[in-house]
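S.K.:
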Amino acid sequence: MPLTRGCEPRAVNRAVDVAGVIGPLAHPLGECQQEKYTGVSTPSTRVPDDGGRGAVVARWFAVSGDAAPRHRQNAAMMITLAGSFELSLPAERGIVHLTAGAEGSDRQAVAQQATDITEALRRQLVQLRDSGVATWYSVDAQTTASWRPHHNDGTVLPLHHRASTPVAVKFSDFAALSDSCARWAETAGLSIDRVDWALTTATRDRVRDEVLTGALHDAVHRAEVLASAAGQADPQVIAIADPGLLDRVSAGSDQPGPVAARALRGAAGGGSVELSPADITVSSTVHVRFQV
């Protein structure tokens with residue numbers, strides 16, 4: 084008796100017997116389960132029915148690319164996460180930012196006065212550097228501005244001018260920094276804008292490598308915890324990237340930040356004080372992908 088070919092392509096776990104009776108097979112897929120082509124397979128077997136009679140069952144399977152994946156082995160699990168690490172260290176350098184300037188109604192006189200104030204400050208900076216309490220200083224170009232102020236009654240006043248020069252000096256001696264700031268705060272024409280705290284270049288480079296390694300170790304530890312909780316094997320690193328570079332995966336607002344600078348506003352005078360700068364935080368974040 085010819086075999087019936089009426090099984091649906093998706094019914095790969097159904098069999099058609101010679102009488103047209105459809106029932107599940109003891110083994111849903113036979114030899115064809117490993118085939119990688121589209122076609123049919125015609126192995127046959129005998130399965131007993133309730134009456135003890137043997138029926139010849141034709142196991143015809145429509146094997147296609149859509150059917151085969153159902154019986155493939157489970158794909159490897161992937162874990163993608165972020166690792167972070169940070170260290171806090173005492174500041175090693177203090178960078179004072181100042182402005183030397185003057186204002187008035189005579190443009191030329193204002194510019195000359197600002198120049199004199201800047202030169203006097205420069206001489207002090209040279210002495211600080213030569214004595215070793217300051218490591219470097221910078222004096223930028225002078226800038227000028229002019230505007231017409233207005234009186235409260237709306238009267239336009241004469242043109243007003245301002246000339247100013249940005250100055251910065253880095254101290255390695257914090258006691259000298261405090262003394263200098265106290266002196267400059269009382270000097271006409273000088274204003275202290277802020278103080279930035281920093282590490283030396285050697286320390287920053289060393290710690291940057293340390294926190295980067297720590298961030299990776301943090302990611303590996305988290306992946307191991309997740310894999311263990313999921314009953315999987317030890318995870319293997321397959322990709323490492325800076326935040327945003329691993330398939331544009333984001334870990335919140337965390338970004339790699341080598342140094343978090345702190346600022347100190349200049350005092351209004353009254354003598355020097357003992358400075359206690361906040362620790363500098365060096366942090367790093369990496370995105371890592373694992374396969375388990």
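Each residue of the sequence shown is one higher than the one before, counting from 84 in this note's numbering. Each residue gets a CB set at the ideal place from its N, CA and C atoms; glycine is no exception.
1. Quick check: the Cα distance between leucine 328 and threonine 226, rounded to an integer number of angstroms?
2. Can you tell me which of Trp267, Glu307, Phe168 and Phe373 puts its alpha carbon nearest to the alpha carbon of alanine 77?
3. Going by CA-CA distance only, name the one from Glu186, Glu307, Val239 and Gly237 that's closest to methionine 161.
4. Let me confirm a value: glutamine 196 is counted as buried when at least 16 other C-beta atoms fall within 10 Å, else exposed. Which label applies?
5. Tell me the residue span of the beta strand (DSSP E) that contains serine 171.
6. Candidates Asp301, Arg266 and Ala312: which alpha carbon is nearest glutamate 169's?
7. May I ask you to report which of helix, strand or coil DSSP gives glutamate 91?
8. What are the partner residues of glycine 187, as DSSP defines its beta bridges?
9. Any idea which residues DSSP pairs proline 249 with across the strands?
10. List the endpoints of the continuous alpha helix (DSSP H) containing valine 308.
11. How is phenylalanine 144 classed by DSSP in three states: helix, strand or coil?
12. If you drop the 5 nearest sequence neighbours on each side, which residues of the same chain put their C-beta closer than 7 Å to that of glycine 187?
13. Taking the alpha-carbon of threonine 163 as reference, which of Ala361, Pro326, Ser366 and Ser359 has the nearest alpha-carbon?
M.R.: Reading off the structure:
1. 41 Å
2. Lying before the first or after the last residue shown, residue 77 is absent from the chain, which here runs from 84 to 375.
3. Glu307
4. buried
5. 161 to 172
6. Asp301
7. Per-residue confidence for glutamate 91 stands at a pLDDT of 42, beneath the threshold of 50, marking its modelled position as unreliable; the derived number appears in the next sentence. In the structure shown, glutamate 91 sits in coil (DSSP, three-state: anything other than H, G, I, E or B).
8. His244
9. Thr182
10. 284 to 312
11. Reliability of the predicted coordinates at phenylalanine 144 is poor, the pLDDT of 39 falling under 50, and no value is obtained from them.
12. Val193 and His244
13. Pro326
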